[in-house]
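In what follows, a structure is listed as structure tokens, so that the remarks can point back to it.
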Amino acid sequence: MVTEPTFGEAPEFEGAVAWINTGEPVRLAELRGKIVLVDFWSQCCINCIHVLDDLAYLENKYRKHLVIVGVHSGKFEHERNTDSVRLAVERYDVRHPVANDAEYRIWKAYGAQAWPTLCLIDPNGQVAAAYSGEGRREELDKAIRRLVIEHSRSGTLEESHVLAVPPSLRSGGGDLLFPGKVLVDPESLRVFIADSFHHRILICHVDGTVVDVAGTGKPGLQDGAFEEAEFRAPQGMALKDNVLYVADTQNHAVRALHVDSRRVATFAGNGTQGNFKTMIGGPGTLLSSPWDTAIVDNMLYVAMAGTHQIWRAAVETRNFRLFAGSGMESLADGPGPSAQLAQPSGMAVAGHYLYFADSEVSALRRANLRSSGDVETLIGAGLFEFGDRVGPAKSARLQHPLGVCWYDGKIYIADTYNHRIKAYFPADRTVHHVAGTGRPGRGTGTGAAFWEPSGLSAAGGRLYIADTNNHRIATLDLETGEVADFALTFPS
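Residue numbers (my numbering): 11 to 502.
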């Protein structure tokens, strides 16, 4: 929340190390006559990502009266890099100016205490209201409407565009755009790619030949034939009986791709984000930013990043029940429903354990499938404990990992913000570097770099890597250490 001293005249936007979506720094003094909404956010934070839809709605509704200014005050070290912020702005199609507040100077001036924090400034430059957390669209809408009425009457409100809305920028320009996850099926020699921000699923042969595409490329929630179906930022996938279960993240849904009949159906969710009041379980339950899926026998597990939980449902009944996570964002082990998780974003099954990357606590954790979902932390120490350290798992550190997979007796980890692939060895509980330099980059061969790898799958001695910010799938030969591009060939 914004603390009391900031009520009154709003502080100037001073101290940003860079500005994005604008040719020059934004000055609050130059926005007099406009209503200004300041959004303090961090790209890792699922609550901040949810707020972006609210901002786009308000931006469109009050386009002549409202200016939105994003202030990115990154939680993780990597997020303070301007290139990282720029790519996050691009990925989520943010259209307003964004300050990279890497040194927290604007954050401190406004007294922000949590991600997200929203501060509403009236046309006279006075702080009118402040909010923390997501789900504030209705409150903001009412508050902005009141300011429009009040300042229209007093003559202090200008009706004109002050800041030009930049065009949607897309740096990918190739076959993939910020791919989030990849899944290889060794039996059918197929590779499934969540081409997340092209809003589609690619089905490929292991030689890279694209054999089918599900999704028009337009964001939406539409079932039907592959050519007609629409997704919105799909992420993790699981395959069972030639049905691909996809975490359709920004649709708050799980979709079922019937590969043989080439049709898409909605397994769960309806496009509306669930919350603690609406996610009560049973058929028809709402979902909140599902980020990955896994199947054990006929039970589908869903990493519900938006509520810091893991849910599960029988494939036949679609009857959802909570498996792990109280909903409180933290790191605490124990029986499934009382354990505390923090944005689970990748899952893998090995034996009677469900391993998962718990991204906001920079942790690798596992839940016991034979018990009531007892959760145990293998790597990680808390919300603000992160780093890049290998060795004994108890002292090892990750930085916002998003993907895991099980292969050949070990868990491979996409250590996303460290731009590395690591491996956890259950036998001796140690962690080892596998690939990546620890710095963002791109390359092939031994010693290759990655840029925010987010998804992993393995088969045939190769690790398939969704190298998200490089807009590619890479392969890693686990024997030689050679990294190669997984080159795609589309039918003519």
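Backbone N, C-alpha and C fix where the C-beta goes; we use that ideal spot for every residue, glycine too. Keep in mind it's a predicted model, so treat the numbers as computed, not measured.
Check: How big is the Cα-Cα spacing for L150 and T276?
Finding: Computed Cα separation, rounded: 32 Å.
Item checked: Helix, strand or coil at D418 [DSSP, three-state] -> coil
Checklist line | Start and end residues, alpha helix (DSSP H) containing W117 | finding: 115–120
Notebook entry, point to check: Mind checking whether L510 and D205 have CB atoms under 7 Å apart?
Noted result: Outside the displayed range of the chain (11 to 502) lies residue 510, so it cannot be described from this structure.
Next item on the list: Could you check if T387 is buried or exposed, using at least 16 other CB atoms within 10 Å of its CB as the buried criterion?
Entry: buried
Note to self: Measuring straight from C-alpha to C-alpha, what distance separates Y67 and I78?
What the structure shows: 11 Å
Note to self: Could you tell me the alpha carbon to alpha carbon distance between A239 and N70, rounded to whole angstroms?
What the structure shows: 26 Å
Notebook entry, point to check: Would you call the segment 356–366 and the segment 396–416 touching, i.e. three or more CB-CB distances under 8 Å?
Noted result: They touch, by the three-pair rule.
Note to self: I need the straight-line Cα distance from C54 to E370, nearest angstrom please.
What the structure shows: 7 Å
Item checked: Residue interval of the alpha helix (DSSP H) (run including I154) -> Counting along the chain, the alpha helix (DSSP H) containing I154 begins and ends at 147–164.
Checklist line | Residue range of the beta strand (DSSP E) that includes N378 | finding: 373–378
Next item on the list: Give the range of the alpha helix (DSSP H) segment to which E69 is assigned.
Entry: 56–71
Notebook entry, point to check: Pick from F330, Q350, M314, N308: whose alpha carbon is nearest that of S298?
Noted result: M314
Notebook entry, point to check: CA-CA distance, G392 and R375?
Noted result: 12 Å
Next item on the list: Report back the beta-carbon spacing between S336 and A352 to the nearest angstrom; my notes put them in contact at under 8 Å.
Entry: Not a contact, Cβ separation roughly 11 Å.
Margin query: Counting beta carbon pairs with one atom in the segment 190–197 and one in the segment 223–230, are three or more of them shorter than 8 Å?
Written below: Cβ pair count under 8 Å is below three, so no.
Notebook entry, point to check: For R42, which option in H60, L62, I30, E19 has the closest C-alpha, if you only look at C-alpha atoms?
Noted result: Here the closest residue by C-alpha is E19.
Item checked: D93 versus R163 - alpha carbon distance -> 43 Å
Note to self: Just list the residues that DSSP pairs M247 with in beta bridges.
What the structure shows: The partner list for M247 (beta bridge, DSSP) reads V256.
Check: Under the rule that 16 or more other beta-carbon atoms within 10 Å means buried, what is T317, buried or exposed?
Finding: That one is buried.
Next item on the list: Alpha carbon to alpha carbon, how far is N31 from M11? Give it in angstroms, no decimals.
Entry: Model confidence at M11 stands at a pLDDT of 34, short of 50, so the residue's coordinates are unreliable and nothing is read from them.
Note to self: Distance check for D495 and L254, CA to CA, integer angstroms please.
What the structure shows: Using only the alpha carbons, I get a separation of about 24 Å.
Check: Closest to G294 by CA distance: which of K404, M309, T282, L341 is it?
Finding: The candidate whose alpha carbon is nearest that of G294 is T282.
Next item on the list: Less than 8 Å between the CB atoms is what I'm expecting for I431 and A437, so what's the real figure, rounded?
Entry: Their Cβ separation, rounded to whole angstroms, is 19 Å, which puts I431 and A437 out of contact at 8 Å.
Check: Taking the continuous beta strand (DSSP E) assigned at A263, which residues delimit it?
Finding: From DSSP, the beta strand (DSSP E) with A263 extends over 263–268.
Checklist line | Beta-carbon gap between G401 and A334 smaller than 7 Å | finding: no
Item checked: Where the alpha helix (DSSP H) through D93 begins and ends -> 92–101
Check: Would you report the Cα separation of M289 and V95, rounded to the nearest angstrom?
Finding: 32 Å
Notebook entry, point to check: Any idea if Q409 is buried or exposed, counting beta-carbon neighbours within 10 angstroms, 16 or more meaning buried?
Noted result: buried
Notebook entry, point to check: Given that a residue counts as buried once 16 or more other Cβ atoms are within 10 Å of its Cβ, and exposed if not, what is W479?
Noted result: In the sequence under discussion, the amino acid at residue 479 is Asn, which differs from the Trp named in the question. So N479 ends up on the buried side.
Note to self: What would DSSP say about T426, mapped onto helix, strand or coil?
What the structure shows: helix
Next item on the list: Find the nearest neighbour of D111 within the set E100, K118, S83, judged by alpha-carbon distance.
Entry: Shortest Cα-Cα distance from D111 to any of E100, K118, S83 involves S83.
Margin query: Taking 6 Å as the limit between beta carbons, can you name the residues of its chain near I56, skipping five residues before and five after?
Written below: Within the same chain, I56 has close Cβ partners S299, A315, G316, Q353.
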